[in-house]
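Heads up, the thing below is written out as structure tokens.
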């Protein structure tokens, strides 16, 4: 797939924990460096995502190596950690307040967005970024398919989930027009622009394997979508 910027300036992609961990777990973190250099993309994460993907897992042996990869990418400069400002904190608090009343089940609140996701959305708006990169399904549905979110949550929680109309309207107005990528879209973009082959020999089999690896690492992508990705790529 291709991404066409609206201007000639550097593009900024804001990543949440789910997407950056999927990429790091599958040894594709350096592909972000190649994409950054070739496509003029600046990859940015908020402080809470750095904490979730680096600081905390560095102390857990099972996840330490993935955390080291992400930390190295930050130290090498092709992933930037955004600092917290009063303006950003204001956006975080605003989003958090709408998240609090967004979803309930039998009178009990269901928290749909965690701190990292809230900060990611706030940072996206604060920077006026081009793309949100997120693998987590619930947040993506809230932004892309809010009308289908209720049924999805009712099946997941097996109860009569209620969604607050005012909160849904807030997210629709504020985020309805943003571009949302998953790690699989980044992998496909890297395949098409030549960044992929700098890490592994370029072949449709390699692309398919990478997409399945992302799926099994937690990216919300269907088997049918993977088939479509592989069938439509160039090269």
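Residue numbers (the working numbering): 2 to 236.
Glycine included, every Cβ here is placed at the ideal spot set by N, Cα and C.
As the structure is a computational prediction, the values presented were derived from the model and not from experiment.
Relative to the alpha-carbon of residue i, which residue among the options has its alpha-carbon at the smallest distance?
| i | options | result |
| --- | --- | --- |
| residue 23 | 62, 11, 68 | 68 |
| residue 48 | 190, 119, 135, 194 | 119 |
| residue 219 | 207, 191, 225, 135 | 135 |
| residue 75 | 98, 12, 43 | 43 |
| residue 115 | 200, 129, 138 | 138 |
| residue 83 | 113, 46, 62, 63 | 46 |
| residue 11 | 25, 36, 101, 143 | 36 |
| residue 27 | 223, 234, 188 | 188 |
Return helix, strand or coil for residue i, following the three-state DSSP convention.
| i | result |
| --- | --- |
| residue 181 | strand |
| residue 118 | helix |
| residue 149 | helix |
| residue 65 | helix |
Look up residue i in the DSSP assignment and give the residues it is bridged to.
| i | result |
| --- | --- |
| residue 14 | 44, 132 |
| residue 164 | 104 |
| residue 80 | 44 |
| residue 110 | 105 |
When we look at the beta-carbon of residue i and count the other beta-carbons within 10 Å, is it buried (16 or more) or exposed?
| i | result |
| --- | --- |
| residue 77 | exposed |
| residue 217 | exposed |
| residue 131 | buried |
| residue 87 | exposed |
| residue 161 | exposed |
Can you find at least 3 beta carbon pairs, one from the segment 204 to 212 and one from the segment 154 to 173, that sit closer than 8 Å?
no
Report yes or no: do three or more beta-carbon pairs, one from the segment 182 to 199 and one from the segment 147 to 159, lie closer than 8 Å?
no
With contact counted as at least three CB pairs below 8 Å, one residue from each stretch, are the segment 195 to 204 and the segment 219 to 233 in contact?
no
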